[in-house]
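Participant: full-length UniProt numbering applies: residue 1 is where the sequence shown begins, and numbers increase by one. All C-beta atoms, glycine included, are put in the ideal place defined by N, C-alpha and C.
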Amino acid sequence: MDAFVWRREGPWWLEGSRAASAVASIPAPVTPVLASVPSRVASIVASAVIPASSTPVRCGELLCQHDSYARTLDTVVVSCEPKAAQEAAAKGKKKGGAEAVPAEQLWDVVLGNTVIFPEGGGQPSDCGTVGGVPCLRVDNVDGLAKHVLTAPLAPGTPVTVAVEWARREDHMAQHSTQHLVTAIALKKWGYETTSWGLGEQTSFLELGTPEFTSAQMMELETAANEAVKAGTPVTPSWHSVVAVNEGAVAGLRKSSKALPPSVTGPVRVVSFEGIDTNTCCGTHVQNTARLQAIKLLRVERVGNKGACRVHYVAGGRVVSYLGGVYERASALASRMNVPIESMLERYEENARKALEHEKASKALALEVVGLLAEGLLQRLTAGEKAVLVRRAAADADFVKALATALDETLAAKQALLLVVVGEGEGEGTFTLAGPPALVDVASGAVAQALDGRGGGKGGRYQGKCQKLAGASEALAAAVAALA
Ligand SMILES: [Zn+2]
Numbered sequence: 001m002d003a004f005v006w007r008r009e010g011p012w013w014l015e016g017s018r019a020a021s022a023v024a025s026i027p028a029p030v031t032p033v034l035a036s037v038p039s040r041v042a043s044i045v046a047s048a049v050i051p052a053s054s055t056p057v058r059c060g061e062l063l064c065q066h067d068s069y070a071r072t073l074d075t076v077v078v079s080c081e082p083k084a085a086q087e088a089a090a091k092g093k094k095k096g097g098a099e100a101v102p103a104e105q106l107w108d109v110v111l112g113n114t115v116i117f118p119e120g121g122g123q124p125s126d127c128g129t130v131g132g133v134p135c136l137r138v139d140n141v142d143g144l145a146k147h148v149l150t151a152p153l154a155p156g157t158p159v160t161v162a163v164e165w166a167r168r169e170d171h172m173a174q175h176s177t178q179h180l181v182t183a184i185a186l187k188k189w190g191y192e193t194t195s196w197g198l199g200e201q202t203s204f205l206e207l208g209t210p211e212f213t214s215a216q217m218m219e220l221e222t223a224a225n226e227a228v229k230a231g232t233p234v235t236p237s238w239h240s241v242v243a244v245n246e247g248a249v250a251g252l253r254k255s256s257k258a259l260p261p262s263v264t265g266p267v268r269v270v271s272f273e274g275i276d277t278n279t280c281c282g283t284h285v286q287n288t289a290r291l292q293a294i295k296l297l298r299v300e301r302v303g304n305k306g307a308c309r310v311h312y313v314a315g316g317r318v319v320s321y322l323g324g325v326y327e328r329a330s331a332l333a334s335r336m337n338v339p340i341e342s343m344l345e346r347y348e349e350n351a352r353k354a355l356e357h358e359k360a361s362k363a364l365a366l367e368v369v370g371l372l373a374e375g376l377l378q379r380l381t382a383g384e385k386a387v388l389v390r391r392a393a394a395d396a397d398f399v400k401a402l403a404t405a406l407d408e409t410l411a412a413k414q415a416l417l418l419v420v421v422g423e424g425e426g427e428g429t430f431t432l433a434g435p436p437a438l439v440d441v442a443s444g445a446v447a448q449a450l451d452g453r454g455g456g457k458g459g460r461y462q463g464k465c466q467k468l469a470g471a472s473e474a475l476a477a478a479v480a481a482l483a
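What follows is the structure, encoded as structure tokens:
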């Protein structure tokens with residue numbers, strides 16, 4: 001899964017609030033009991049069956065947004081329609097003849113209320129079950145929570161809704177951490193968070209600063225974990241647009257106050273007591289201690305935006321991430337035959353040795369070039385028109401040094417050097433060297449004999465070939481071309 005990214009570019013709080021256009025024909029939901037009781041009690045209250053005639057509670061005021069720890073809810077099916085038919089209607093046209101059958105028939109189901117959170121505020125949708133039927137996700141369609149189910153349910157049916165808790169708990173931890181870290185970075189340095197993303201392994205938040213040092217990251221991490229230890233309560237509340245816009249909500253973050261005209265409220269506000277108060281529709285931990293720990297991993301500069309991404313893990317991910325890192329480190333240490341603690345020193349030592357080996361190997365290669373060149377010079381002086389060198393392995397430097405050593409004699413004797421490199425009789429590389437005019441004359445025949453393709457100028461023609469077995473034939477072709 002790609003990171004689920006939220007950007008502060010539009011009226012994103014709309015996702016959790018009722019817009020004027022959506023409210024017009026739907027009466028306000030009746031949730032007085034839930035709104036006035038502490039969230040721990042709300043999950044108990046919520047187990048009462050909502051009558052079939054009840055109006056669906058709208059996004060922004062769903063049970064999951066009142067009590068993020070409610071895992072199940074007894075409610076009733078309000079409406080159910082096949083998803084494909086609805087989509088076709090939306091397109092306003094049907095294909096001629098038989099209708100295309102979707103790979104999987106899905107159903108849009110609206111319930112009295114739900115514990116399955118639709119996506120919003122940067123948090124991906126939950127999944128779960130409705131009356132035992134898998135719920136793949138919930139779409140927020142003009143404020144209505146539409147559960148995408150794999151089977152239909154008749155309107156009026158009493159059902160139990162259950163959220164997939166492990167996924168939700170993880171999402172709440174990453175999302176709540178974003179609130180906390182955003183608030184601390186704003187307070188400490190005045191850096192605004194411009195976007196955040198919830199990834200499968202790690203998450204990030206993007207700070208609007210071109211520079212964010214490792215020391216600042218450590219300071220931010222320490223402060224964030226102090227806030228976790230403090231066990232600060234996190235509570236949602238609902239306010240009128242007027243209260244939000246006029247600053248009547250105590251401690252509300254400045255960036256939260258500019259509500260667009262389309263929002264009519266109630267506006268959901270989430271408070272991390274004494275740390276941050278912000279408009280948000282997502283689900284959050286009830287208490288910062290539930291975050292367990294926050295680990296900021298690294299800072300990544302986003303050069304073209306003048307921003308810095310801080311990658312992090314929180315909650316249960318800290319333990320699983322540490323477990324994964326430890327497992328890989330153990331495997332590596334075992335291969336290096338040292339304890340994990342000495343891995344870096346061993347790596348440095350190995351790197352130093354590798355460099356020494358490389359130097360020694362280059363010196364040896366030059367010696368070999370010298371010896372080879374000696375023999376080849378004798379043969380060229382004796383009148384051979386083309387000489388062949390076959391090597392199982394040789395890098396470009398080796399070939400270049402050999403050709404350079406012979407260049408003067410090749411020019412004087414109007415002769416060619418063919419170097420063919422590779423193991424076996426199939427794939428390899430080749431180089432034809434000598435006076436430019438001769439190389440041009442012979443290159444085509446040489447490439448053909450080696451089943452190769454090449455290019456070059458200034459007395460060099462190099463390329464890859466498929467038929468190393470044709471080396472002698474290529475040499476003969478070169479001689480023939482010169483005749
Ligand atoms: Zn939030």
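Measuring only the C-alpha atoms, how far is Glu356 from Asn350?
Facilitator: Working through the sequence shown from its first residue, we reach residue 356 at position 356. Working through the sequence shown from its first residue, we reach residue 350 at position 350. Taking the straight line from one Cα to the other gives about 10 Å.
Participant: Could you tell me the alpha carbon to alpha carbon distance between Pro210 and Phe117, rounded to whole angstroms?
Facilitator: Here residue 210 refers to the residue found at position 210 of the sequence shown. Here residue 117 refers to the residue found at position 117 of the sequence shown. One Cα belongs to Pro210, the other to Phe117, and the distance between them is close to 35 Å.
Participant: Comparing the CB of Gly121 with every heavy atom of ligand 1, is any distance shorter than 6 Å?
Facilitator: Within the sequence shown, numbered from 1, the residue matching residue 121 stands at position 121. Because some heavy atom of ligand 1 lies under 6 Å away, the Cβ of Gly121 counts as near it: yes.
Participant: Is any heavy atom of ligand 1 found at a distance shorter than 6 Å from the C-beta of Gly60?
Facilitator: Indexing the sequence shown from 1 puts residue 60 at position 60. Because no heavy atom of ligand 1 lies under 6 Å away, the Cβ of Gly60 does not count as near it: no.
Participant: Taking the beta carbon of Ala474 as the centre, do at least 16 other beta carbons fall within 10 Å, making it buried, or is it exposed?
Facilitator: By one-based count along the sequence shown, residue 474 stands at place 474. The C-beta of Ala474 has 16 or more other C-beta atoms within 10 Å across all chains shown, which makes the residue buried.
Participant: What residue range does the beta strand (DSSP E) around Pro236 cover?
Facilitator: Residue mapping note: residue 236 aligns to position 236 of the sequence shown, counting from 1. Val234 to His239 is the extent of the beta strand (DSSP E) around Pro236.
Participant: Starting from the N-terminal side, write out each stretch of the alpha helix (DSSP H) that is 4 residues or longer and does not extend beyond the segment 182-214.
Facilitator: Listed in chain order, the alpha helix (DSSP H) elements of length 4 or more contained wholly in the segment 182-214 amount to none.
Participant: Spell out the partners DSSP gives Tyr321 in its beta bridges.
Facilitator: As a position in the sequence shown, residue 321 is number 321, starting the count at 1. Answer is none; Tyr321 lacks a bridge partner.
Participant: Run through DSSP, which three-state label would Ala22 get?
Facilitator: To locate residue 22, count along the sequence shown from 1; it is residue 22. Caution is warranted here: a pLDDT of 28 is assigned to Ala22, below 50, making its placement in the model unreliable, and the coordinate value is therefore given only provisionally. The answer is helix: DSSP assigns Ala22 an H, G or I state.
Participant: Going by Cα to Cα distance, which pick from Val57, Ala373, Val244 and Arg460 is closest to Val78?
Facilitator: Start at 1 with the first residue of the sequence shown, and residue 78 comes out as number 78. Considering only alpha carbons, the answer is Val57.
Participant: Looking at the secondary structure, which residues open and close the beta strand (DSSP E) in which Asp108 lies?
Facilitator: If you number the sequence shown from 1, residue 108 lands on position 108. Residues Trp107 to Leu111.
Participant: Residues in the same chain with beta-carbon distance under 8 Å from Val302, minus the five sequence neighbours each way, listed in chain order, please.
Facilitator: For the purposes of this step, residue 302 is taken as the residue at position 302 of the sequence shown. Around Val302: Glu206, Cys308 and Arg309.
Participant: Could you pull out every residue in the same chain whose Cβ sits closer than 8 Å to the Cβ of Lys467, ignoring the five residues on either side in sequence?
Facilitator: The residue you call residue 467 lines up with position 467 of the sequence shown. Contacts found: Glu425, Gly426, Ala449, Leu450, Asp451 and Gly452.
Participant: In whole angstroms, what separates the C-alpha of Glu408 from that of Lys353?
Facilitator: As a position in the sequence shown, residue 408 is number 408, starting the count at 1. As a position in the sequence shown, residue 353 is number 353, starting the count at 1. Answer to the nearest angstrom: the Cα atoms are 37 Å apart.
Participant: Check Tyr347 in the structure and name its three-state DSSP category.
Facilitator: As a first step, residue 347 is located in the sequence shown; it is residue number 347 there, counting from the start. The answer is helix: DSSP assigns Tyr347 an H, G or I state.
Participant: Which word fits Arg460, buried or exposed, when buried means at least 16 other C-beta atoms lie within 10 angstroms of its C-beta?
Facilitator: Numbered from 1 along the sequence shown, position 460 holds the residue referred to as residue 460. Result: buried.
Participant: What residues are listed by DSSP as bridge partners for Asn304?
Facilitator: To locate residue 304, count along the sequence shown from 1; it is residue 304. Bridge partners of Asn304: none, in fact.
Participant: When we look at the beta-carbon of Asn304 and count the other beta-carbons within 10 Å, is it buried (16 or more) or exposed?
Facilitator: Position 304 of the sequence shown, counted from the first residue, corresponds to residue 304. Classification for Asn304: exposed.
Participant: Which of helix, strand or coil does DSSP assign to Lys146?
Facilitator: Residue 146 sits at position 146 when you count from the first residue of the sequence shown. Three-state DSSP puts Lys146 in a strand.
Participant: For Ala442 and Ala405, what's the separation of their Cα atoms in angstroms?
Facilitator: For the purposes of this step, residue 442 is taken as residue 442 along the sequence shown, with counting starting at 1. For the purposes of this step, residue 405 is taken as residue 405 along the sequence shown, with counting starting at 1. In a straight line, the C-alpha of Ala442 is about 21 Å away from that of Ala405.
Participant: Pull the bridge partners of Glu81 from the DSSP assignment, please.
Facilitator: Position 81 of the sequence shown, counted from the start, is the residue given in the question as residue 81. Beta-bridge partners assigned by DSSP to Glu81: Asp108.
Participant: If we count the other Cβ atoms within 10 Å of its Cβ and call it buried at 16 or more, is Pro339 buried or exposed?
Facilitator: Taking the first residue of the sequence shown as position 1, residue 339 is located at position 339. Classification of Pro339: exposed, given that the 10 Å Cβ count is below 16.
Participant: Leaving out the 5 sequence neighbours to the left and right, which residues in its chain are closer than 7 Å to Ala230 when beta-carbon positions are compared?
Facilitator: Your numbering for residue 230 matches position 230 in the sequence shown. Excluding sequence neighbours, Ala230 sits near Thr288.
Participant: Pick out whichever of Pro266, Ala166 and Val446 has its Cα sitting closest to the Cα of His239.
Facilitator: Locating residue 239 in the sequence shown gives position 239, where the first residue counts as 1. If we check each option's Cα against that of His239, Pro266 comes out closest.
Participant: With 16 as the cutoff for other CB atoms within 10 Å, does Pro124 come out buried or exposed?
Facilitator: For the purposes of this step, residue 124 is identified with residue 124 of the sequence shown, where counting begins at 1. Under this definition Pro124 is a buried residue.
Participant: Count the other CB atoms, across all protein chains shown, that sit within 10 Å of the CB of Trp107; report buried if there are 16 or more and exposed otherwise.
Facilitator: Within the sequence shown, numbered from 1, the residue matching residue 107 stands at position 107. Looking at its Cβ environment, which holds 16 or more other Cβ atoms inside 10 Å, Trp107 is buried.
Participant: Round the Cβ separation of Thr431 and Lys464 to the nearest angstrom and send it over; I've been treating them as touching at under 8 Å.
Facilitator: By one-based count along the sequence shown, residue 431 stands at place 431. By one-based count along the sequence shown, residue 464 stands at place 464. Not quite, the Cβ-Cβ distance comes to about 11 Å (not below 8 Å), so this is no contact.
Participant: Thinking C-alpha only, which one of Ala215, Gly455 and Gly456 is nearest Val299?
Facilitator: Working through the sequence shown from its first residue, we reach residue 299 at position 299. Closest by alpha carbon: Ala215.
Participant: Exposed or buried, what is Arg195 when buried is set at 16 or more other beta-carbons lying within 10 Å of its beta-carbon?
Facilitator: The residue you call residue 195 lines up with position 195 of the sequence shown. First, the residue type needs correcting, since residue 195 is Ser and not Arg in the sequence shown. By the neighbour-count rule (16 or more Cβ atoms within 10 Å), Ser195 is buried.
Participant: Measuring only the C-alpha atoms, how far is Thr55 from Gly120?
Facilitator: In the sequence shown, the residue the question calls residue 55 occupies position 55. In the sequence shown, the residue the question calls residue 120 occupies position 120. Straight-line Cα distance between these residues: approximately 22 Å.
Participant: Measure the C-alpha to C-alpha separation of Ala363 and Ala477 and round it to an integer number of angstroms.
Facilitator: Translated into the one-based positions of the sequence shown, residue 363 becomes position 363. Translated into the one-based positions of the sequence shown, residue 477 becomes position 477. Cα-Cα distance, rounded: 34 Å.
Participant: What separation, rounded to the nearest whole angstrom, lies between the Cα atoms of Gly470 and Arg335?
Facilitator: Within the sequence shown, the letter at position 470 stands for residue 470. Within the sequence shown, the letter at position 335 stands for residue 335. Gly470 and Arg335: Cα-Cα distance of roughly 42 Å.
Participant: Here's the rule: buried if 16 or more other CB atoms are within 10 angstroms of the residue's CB, otherwise exposed. What is Asn113?
Facilitator: Taking the sequence shown and counting its residues from 1, the one referred to as residue 113 is at position 113. So Asn113 counts as buried.
Participant: Terminal residues of the continuous alpha helix (DSSP H) containing Ala70?
Facilitator: By one-based count along the sequence shown, residue 70 stands at place 70. Premise fails: Ala70 is in no alpha helix (DSSP H) and is neither H nor E.
Participant: Between the Cα of Thr277 and those of Leu63, Ala394, His179 and Asp170, spot the shortest distance and give me the residue it belongs to.
Facilitator: Locating residue 277 in the sequence shown gives position 277, where the first residue counts as 1. Ranking Leu63, Ala394, His179 and Asp170 by Cα distance to Thr277 puts His179 first.
Participant: What are the residues that DSSP puts in a beta bridge with Ile294?
Facilitator: Taking the first residue of the sequence shown as position 1, residue 294 is located at position 294. Paired residues: Ala314.
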